[in-house]
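Letter by letter, the sequence shown follows residues -22 to -1, 1 to 143 of mature numbering (1 follows the signal peptide of the UniProt record, and there is no 0). Every residue, glycine too, gets a C-beta built ideally from N, C-alpha and C. None of the values given here were measured: they were computed from a predicted structure.
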Amino acid sequence: MTRKKIVIAAFLAIMATGTITSCQNSLQLSRNTPSSSDSTLADNAAMQDGTSVDCQPECFLMTTGIASYYADRFHGRTTANGETFDMNDLTAAHKSLPFGTWVRVTNMENGREVTVRINDRGPYVGQRIIDLSREAAKVIGLIKPGTGEVKLEAFEENPDTSISG
């Protein structure tokens, strides 16, 4: 098991906010904080808000919540991981998933999905759980409404080998 997987598993077991279902079995977790001063646990936090549900064996997190998108105002600016934001790429911002994490985002209203790579931090508005690039929002039909309920499935490696990120 890689160090990244161990850290993520430890965080989920210790820092879960509510009920989190692991990819292999269900666990009811408390909101206890870790006794360790290891900031890696907090840095690799997988969830802030949302309702967790079962996911496929290869994913390490599945949750639902509200998504939004960002575009013109941020196009060309530097993202939190140092890349230049391109609103036409399939990328996203998440408050705590590690940079480089692949996330399959499914629009709960229409069933459309897109796979994005986390390269930025956010969103910092309300209870939103992910900010998509304009292109990703377009793929799943979020441009007109601006926000929508989505399901997130997080993967260490790209689950869709046709996307190069």
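| Query | Result |
| --- | --- |
| By alpha-carbon positions, which one of 40, 87, 39, 95 ends up nearest to residue 61? | 95 |
| From which residue to which residue does the alpha helix (DSSP H) around residue 114 run? | 112 to 118 |
| Suppose you measure from the CA of residue 69 to the CA of residue 97; what does that come to, to the nearest Å? | 7 Å |
| Answer yes or no: do residue 108 and residue 45 have a C-beta to C-beta separation smaller than 9 Å? | yes |
| Tell me which residues share the same chain as residue 136 and place their Cβ nearer than 6 Å to its Cβ, disregarding the 5 neighbours each side in the sequence. | 80 |
| How many Å lie between residue -1 and residue 38 at the Cα? | For residue -1, the pLDDT reaches just 36, beneath the cut-off of 50, and the residue's location in the model is therefore unreliable, although a value from the coordinates is still provided. Looking at the two C-alpha atoms, the distance is approximately 7 Å. |
| Would you kindly report the start and end of the unbroken beta strand (DSSP E) that includes residue 94? | 91 to 98 |
| Assign residue 15 to one of three DSSP states: helix, strand, or coil. | At residue 15, the pLDDT of 35 sits below 50, so the modelled position is not reliable; the number obtained from the coordinates is stated separately. Three-state result, residue 15: coil. |
| With C-beta atoms as the reference, is residue 110 less than 9 Å away from residue 42? | no |
| Checking 9 Å against the spacing of the C-beta atoms, do residue 200 and residue 87 come in under that value? | Only positions -22 to 143 of the chain appear in this structure, which leaves residue 200 out of reach. |
| Give the single residue among 89, 51, 65, 99 whose Cα lies nearest to the Cα of residue 74. | 99 |
| Which same chain residues end up closer than 6 Å to residue 115 when comparing Cβ atoms and leaving out the 5 residues on each side of it in sequence? | 47, 121 |
| How long is the line joining the alpha carbons of residue 57 and residue 65, rounded to whole angstroms? | 11 Å |
| Residue 113 and residue 67 look like a contact to me (Cβ under 8 Å); what is the Cβ gap, rounded to whole Å? | 6 Å |
| For residue 55, which residues in the same chain have their Cβ closer than 6 Å to its Cβ, ignoring the five residues on either side in sequence? | 63 |
| Once the 5 residues before and after residue 125 are set aside, which same chain residues still bring their CB inside 6 Å of it? | 44, 46 |
| Can you tell me which residues form a DSSP beta bridge with residue 55? | Residue 55 is not bridged to any residue. |
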